[in-house]
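A.B. asks:
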Ligand code: CP
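Numbering (this note's numbering), first residue to last: 117 to 441.
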């Protein structure tokens with residue numbers, strides 16, 4: 117593993133290995149001795165967190181994952197504080213980061229920027245791995261990895277992810293988390309997807325073509341009620357209003373139809389789970405937080421362990437925590 121740009125490259129053995137690494141790191145961190153062992157894993161490595169699009173979880177979970185592993189971090193979150201305001205090109209900025217650090221973790225408003233940065237590494241003497249921490253409305257591969265980890269942990273006692281019915285609800289057209297998660301589903305046998313979205317925010321045809329190619333069955337409905345009783349997992353997303361044009365398309369959606377609260381909970385299987393990449397809007401009522409099926413707070417914490425696993429794997433330190441260090 118070098119760059120992490122596109123979720124389509126992940127195969128089942130690597131996904132299983134990353135989940136096992138995330139669990140190993142999570143369990144080690146529970147004791148002082150284990151936490152110290154984790155901190156001794158990558159103390160000579162440095163990371164650049166280049167987040168020019170807003171983020172709370174992805175930024176903080178990567179930042180803390182780095183620190184848990186003993187790495188040092190630098191950051192740019194506001195491009196107005198970097199030499200980009202003096203006209204420095206994106207290419208020169210990325211090359212400059214690579215002069216100082218060992219990995220670039222980046223989130224941008226524009227799609228394809230992380231791929232562009234990774235491409236740039238091919239032509240320079242000191243290439244470093246690039247991790248896509250969210251690119252435009254296109255892809256969010258490490259979110260998909262932590263989502264897989266959450267699904268796997270949740271279904272540990274019930275046969276794993278294979279054979280599960282997974283509903284994805286909300287703004288599926290512009291939600292990069294659900295798009296990336298769909299790309300990982302080819303790795304699991306017998307999974308069925310149910311897309312629950314307003315017609316104008318339906319899952320896009322490129323993702324559906326990928327699902328068809330890999331013979332992953334999916335159905336589409338604008339009615340949550342029809343889908344609810346069959347679901348093993350309901351992955352809720354918010355309206356991605358940041359991508360609205362001047363016409364404010366999101367406002368035309370009757371959000372109540374794509375939301376979950378106590379009445380919907382009563383129709384969901386007792387052992388189903390509710391996920392959300394967060395931040396949430398009104399699509400999950402706060403009352404749902406008390407329900408044991410609400411998995412989104414664990415999901416965001418899983419992000420830190422999965423991102424630690426990704427860094428461990430990128431730097432080839434996995435053998436050092438396989439059976440203790
Ligand atoms: N899920 C997610 O990407 O959250 P942030 O935007 O807060 O990083």
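Beta carbons are placed, not taken as given, at the ideal position from N, Cα and C, and that holds for glycine. Treat the numbers as computed from the prediction; the structure is a model and nothing was measured.
1. Measuring from the CB of residue 185, is there a heavy atom of ligand 1 at a distance below 7 Å?
2. By Cβ distance below 7 Å, which residues in the same chain neighbour residue 302 in space, the five residues on each side in sequence not counted?
3. Sorry if obvious, but does the Cβ on residue 449 come closer than 7 Å to a heavy atom of ligand 1?
4. Roughly how many angstroms lie between the CA atoms of residue 382 and residue 339, to the nearest whole one?
5. May I ask you to check if the CB of residue 250 is nearer than 7 Å to at least one heavy atom of ligand 1?
6. By how many angstroms is the C-alpha of residue 212 removed from the C-alpha of residue 201?
7. List the DSSP bridge partners of residue 255.
8. Report the rounded CA-to-CA distance for residue 265 versus residue 229, giving the unit in angstroms.
9. Apart from the five residues just before and just after residue 384, which ones in its own chain have a Cβ nearer than 6 Å to its Cβ?
10. Based on Cα-Cα distance, which residue from 312, 424, 279, 155 lies nearest to residue 306?
11. Should residue 287 and residue 311 be called a contact, given that it needs their Cβ atoms to be closer than 8 Å?
12. Pick from 263, 341, 370, 128: whose alpha carbon is nearest that of residue 412?
13. Confirm, please, whether the CB-CB distance from residue 261 to residue 134 is below 8 Å.
14. Is residue 259 near ligand 1, judged by its Cβ being under 7 Å from some heavy atom?
15. What does a CB cutoff of less than 8 Å around residue 243 pick up in its chain, not counting 5 residues either side in sequence?
16. When DSSP labels each residue in this structure, what does residue 134 get in the three-state scheme?
17. Helix or strand or just coil, what does DSSP make of residue 425?
18. Using the three-state DSSP reduction, which class does residue 188 fall into: helix, strand or coil?
19. Return the first residue and the last residue of the alpha helix (DSSP H) that residue 150 is part of.
20. Report all residues for which the CB-ligand distance to some heavy atom of ligand 1 is below 5 Å; order them along the chain.
21. Can you give me the start and stop residues for the beta strand (DSSP E) that residue 347 sits inside?
22. Compare the C-alpha of residue 184 against each of 165, 197, 206, 158 and name the closest.
23. Count Cβ pairs between the segment 402-409 and the segment 158-169 that sit closer than 8 Å; are there 3 or more?
24. Among 284, 252, 188, 196, which residue has its Cα nearest to the Cα of residue 375?
C.D. replies: Inspection of the coordinates gives the following:
1. Position 69 of the chain shown, counted from the first residue, corresponds to residue 185. Not so, every heavy atom of ligand 1 lies at least 7 Å from the Cβ.
2. Along the chain shown, one-based indexing puts residue 302 at 186. Contacts found: 330, 332.
3. Residue 449 is absent from the model: the chain starts at 117 and stops at 441.
4. In the chain shown, counting from the first residue as 1, residue 382 sits at position 266. In the chain shown, counting from the first residue as 1, residue 339 sits at position 223. If you take the alpha carbons of residue 382 and residue 339, they lie about 16 Å apart.
5. Looking up residue 250 in the chain shown gives position 134. Yes, Cβ of residue 250 sits closer than 7 Å to a heavy atom of ligand 1.
6. Residue 201 sits at position 85 when you count from the first residue of the chain shown. Residue 212 sits at position 96 when you count from the first residue of the chain shown. Cα to Cα, residue 201 sits roughly 15 Å from residue 212.
7. The residue you call residue 255 lines up with position 139 of the chain shown. Bridge partners of residue 255: 251.
8. The residue you call residue 265 lines up with position 149 of the chain shown. The residue you call residue 229 lines up with position 113 of the chain shown. Answer to the nearest angstrom: the Cα atoms are 26 Å apart.
9. Along the chain shown, read from residue 1 onward, the residue named residue 384 stands at position 268. So the qualifying residues of the chain are 344.
10. If you number the chain shown from 1, residue 306 lands on position 190. Nearest C-alpha to residue 306: 279.
11. Numbered from its first residue, the chain shown carries residue 287 at position 171. Numbered from its first residue, the chain shown carries residue 311 at position 195. Not closer than 8 Å, so no.
12. As a first step, residue 412 must be located in the chain shown, where it is residue number 296. Of the candidates 263, 341, 370, 128, the one whose C-alpha sits nearest the C-alpha of residue 412 is 263.
13. Residue numbering aside, residue 134 sits at position 18 when the chain shown is read from its first letter. Residue numbering aside, residue 261 sits at position 145 when the chain shown is read from its first letter. Yes, Cβ-Cβ distance for residue 134 and residue 261 is below 8 Å.
14. Taking the first residue of the chain shown as position 1, residue 259 is located at position 143. Yes, the beta carbon of residue 259 sits closer than 7 Å to at least one heavy atom of ligand 1.
15. Looking up residue 243 in the chain shown gives position 127. Result list for residue 243: 214, 237, in chain order.
16. Taking the chain shown and counting its residues from 1, the one referred to as residue 134 is at position 18. The answer is helix: DSSP assigns residue 134 an H, G or I state.
17. The sequence position of residue 425 within the chain shown is 309, counting from 1. Helix, per DSSP.
18. As a first step, residue 188 is located in the chain shown; it is residue number 72 there, counting from the start. It is a strand residue.
19. As a first step, residue 150 is located in the chain shown; it is residue number 34 there, counting from the start. Start and end: 148-155.
20. 171, 172, 173, 174, 393
21. Here residue 347 refers to the residue found at position 231 of the chain shown. Residue 347 -> no beta strand (DSSP E), and no H or E assigned at all.
22. Walking along the chain shown from the start, residue 184 turns up at place 68. The shortest Cα separation from residue 184 among 165, 197, 206, 158 belongs to 158.
23. no
24. In the chain shown, the residue the question calls residue 375 occupies position 259. Taking only the C-alpha atoms, the option nearest residue 375 is 284.
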